[in-house]
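>
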Amino acid sequence: MIQVSDVSHRFGEREVLKDINLSVRERRVGVIGANGSGKSTFARLLNGLLIPDSGAVTVDGLDTREDAKAVRRRVGFVFQNPDNQIVFPVVEEDIAFGLKNLKLPKREIARKVDTVLAEYGLTHLRDRAAHLLSGGEKQLLAISAVLVMEPRYVVLDEPMTLLDLRNKKLILDTIRTIGQPVVLVTHDLDHLRDFERVIVFDGGRVVADGPPRDAIRHYTRAMA
Ligand SMILES: Nc1ncnc2c1ncn2[C@@H]1O[C@H](COP(=O)(O)OP(=O)(O)O)[C@@H](O)[C@H]1O
Ligand SMILES: [Mg+2]
């Protein structure tokens, strides 16, 4: 479980998150809200990329302030722009990178890389230059590089925003197959209809939180 307790966060003078209290126990949680409402700040708090100014975030009891490294391993994070996440020139190297850091045996790394390539339909791209992939393929690669680490939770911050319709669908279908609990920040409200829960941010506060129908209705009314 991810627990967010009395969290507020500022950037300079700006209070970007205010008094956030919630826990995530569901398998599929959506996060929506206007630009600048605090969604990315919230997402980054969940895996210790950002430590809250006040309050605490814990993941299975591990406090991000004290155990940021352990939390980051436990909570995989997928960014909006895969170019920021792809570090190695060749697809399979990029996927193997995190595993090499863990100093796993070569054979185990190879096995895990093969499995994730096959699972996400990237096997035919394994020797390709990562920067030459299509937008959708790059995002698939970024997601695969996160999932190969076998995190307990996966947080994705607008992973489909830069993609055309076909690639959006590809990534969405991929997200549906993720076995771990998922927190998905998105503007694509239609994609959240089968989620268990949707959290709506406005001005750094949670203004709605519940079943998708109700939360989405609240959001679309507030935006009208
Ligand atoms: N590193 C930062 N430094 C200063 N201000 C920031 C930083 N990151 C985000 N902000 C500001 O915090 C507010 C919330 O940003 P963000 O969480 O990215 O919102 P969202 O993802 O909902 O668009 C915005 O006003 C943004 O400009
Ligand atoms: Mg954002």
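Just so we're on the same page, the numbering used here is the position in the sequence shown counted from 1, plus 254.
Quick reminder that beta carbons are idealized off the backbone N, C-alpha and C, glycines included.
(1) Along the chain, where does the alpha helix (DSSP H) that runs through Q257 open and close?
(2) I'd like the list of long-range same chain contacts for M403, defined as Cβ closer than 6 Å, with 5 residues on each side in sequence excluded.
(3) Please determine whether the Cβ atom of G266 lies at a distance below 7 Å from any heavy atom of ligand 1.
(4) Spatial neighbours of R319 within its chain, please: C-beta separation below 7 Å, excluding the five flanking residues on both sides.
(5) Beta-carbon within less than 6 Å of Q257's beta-carbon, same chain only, minus the 5 sequence neighbours each way: which residues are those?
(6) Going straight from the alpha carbon of D448 to that of L438, what length do you get?
(7) If you reduce the DSSP assignment to three classes, tell me which class N301 lands in.
(8) Measuring straight from C-alpha to C-alpha, what distance separates A469 and L358?
(9) Which value, in whole angstroms, describes the spacing of the CA atoms of R361 and I349?
(10) Would you mind stating whether A324 and V409 have Cβ atoms separated by less than 8 Å?
(11) Cα-Cα, which of V454, P465 and G464 is closest to D476?
(12) Following a CB-centred definition, is D411 positioned closer than 7 Å to any heavy atom of ligand 2?
(13) Let me know if P413 comes out buried or exposed under the rule of 16 or more other beta-carbons within 10 Å of its beta-carbon.
(14) Just curious, the beta strand (DSSP E) that S398 is in, first and last residue?
(15) Using 7 Å as the cut-off, classify the Cβ of K272 as near or not near the heavy atoms of ligand 2, replying yes or no.
(16) For G352, does the three-state DSSP call read helix, strand or coil?
(17) Run through the DSSP bridge pairs and tell me what T312 is partnered with.
(18) Does the beta-carbon of K354 have 16 or more other beta-carbons within 10 angstroms, so that it is buried, or is it exposed?
(19) How many Å lie between V344 and D381 at the Cα?
(20) Rounding to the nearest angstrom, what Cα-Cα distance links N301 and L401 in this structure?
(21) Grab the span of the beta strand (DSSP E) containing K357 for me, first residue to last.
Straight from the coordinates:
(1) Taking the first residue of the sequence shown as position 1, residue 257 is located at position 3. It is not in any alpha helix (DSSP H) - Q257 instead sits in the beta strand (DSSP E) that spans I256 to F265.
(2) Counted from its first residue, the sequence shown places residue 403 at position 149. So the list reads G352, once near-sequence residues are dropped.
(3) Your numbering for residue 266 matches position 12 in the sequence shown. Indeed, a heavy atom of ligand 1 lies less than 7 Å from the Cβ.
(4) Walking along the sequence shown from the start, residue 319 turns up at place 65. For R319, where only same-chain residues beyond five positions count, the Cβ hits under 7 Å are I305 and A310.
(5) Within the sequence shown, residue 257 is the residue found at index 3, counting from 1. In chain order, S277 and T312 place their CB closer than 6 Å to the CB of Q257, counting only its own chain and leaving out the 5 sequence neighbours on each side.
(6) As a first step, residue 448 is located in the sequence shown; it is residue number 194 there, counting from the start. As a first step, residue 438 is located in the sequence shown; it is residue number 184 there, counting from the start. Between D448 and L438, the C-alpha separation is close to 12 Å.
(7) Residue numbering aside, residue 301 sits at position 47 when the sequence shown is read from its first letter. In this structure, N301 counts as coil in the three-state DSSP scheme.
(8) Taking the first residue of the sequence shown as 1, we reach residue 469 at position 215. Taking the first residue of the sequence shown as 1, we reach residue 358 at position 104. Their Cα atoms are separated by approximately 43 Å.
(9) Within the sequence shown, numbered from 1, the residue matching residue 361 stands at position 107. Within the sequence shown, numbered from 1, the residue matching residue 349 stands at position 95. In a straight line, the C-alpha of R361 is about 14 Å away from that of I349.
(10) On the sequence shown, position 70 is the one that residue 324 refers to. On the sequence shown, position 155 is the one that residue 409 refers to. The answer is no: Cβ separation not under 8 Å.
(11) For the purposes of this step, residue 476 is identified with residue 222 of the sequence shown, where counting begins at 1. The amino acid occupying residue 476 in the given sequence is Ala; Asp does not appear at that position. Among V454, P465 and G464, the Cα nearest to that of A476 is on V454.
(12) For the purposes of this step, residue 411 is taken as residue 157 along the sequence shown, with counting starting at 1. Checking every heavy atom of ligand 2 against the Cβ of D411, one is found closer than 7 Å.
(13) As a working note, residue 413 is residue 159 in the sequence shown. Burial call: buried.
(14) Counting from 1 along the sequence shown, the entry for residue 398 is found at position 144. Note, S398: premise wrong, no beta strand (DSSP E); alpha helix (DSSP H) at G389 to L401.
(15) Reading the sequence shown from its first residue, position 18 is the one you call residue 272. Answer for K272: no, Cβ out of range of ligand 2.
(16) Position 98 of the sequence shown, counted from the start, is the residue given in the question as residue 352. Three-state DSSP puts G352 in a helix.
(17) Position 58 of the sequence shown, counted from the first residue, corresponds to residue 312. Answer by DSSP bridge pairing, in chain order: Q257 and D317.
(18) For the purposes of this step, residue 354 is taken as residue 100 along the sequence shown, with counting starting at 1. Exposed: under 16 other Cβ atoms inside 10 Å.
(19) Reading the sequence shown from its first residue, position 90 is the one you call residue 344. Reading the sequence shown from its first residue, position 127 is the one you call residue 381. Rounded to the nearest angstrom, the two C-alpha atoms are 6 Å apart.
(20) Stepping through the sequence shown from its first residue, residue 301 is reached at position 47. Stepping through the sequence shown from its first residue, residue 401 is reached at position 147. Their backbone Cα atoms lie some 15 Å apart in a straight line.
(21) Counted from its first residue, the sequence shown places residue 357 at position 103. It is not in any beta strand (DSSP E) - K357 carries neither H nor E in the DSSP assignment.
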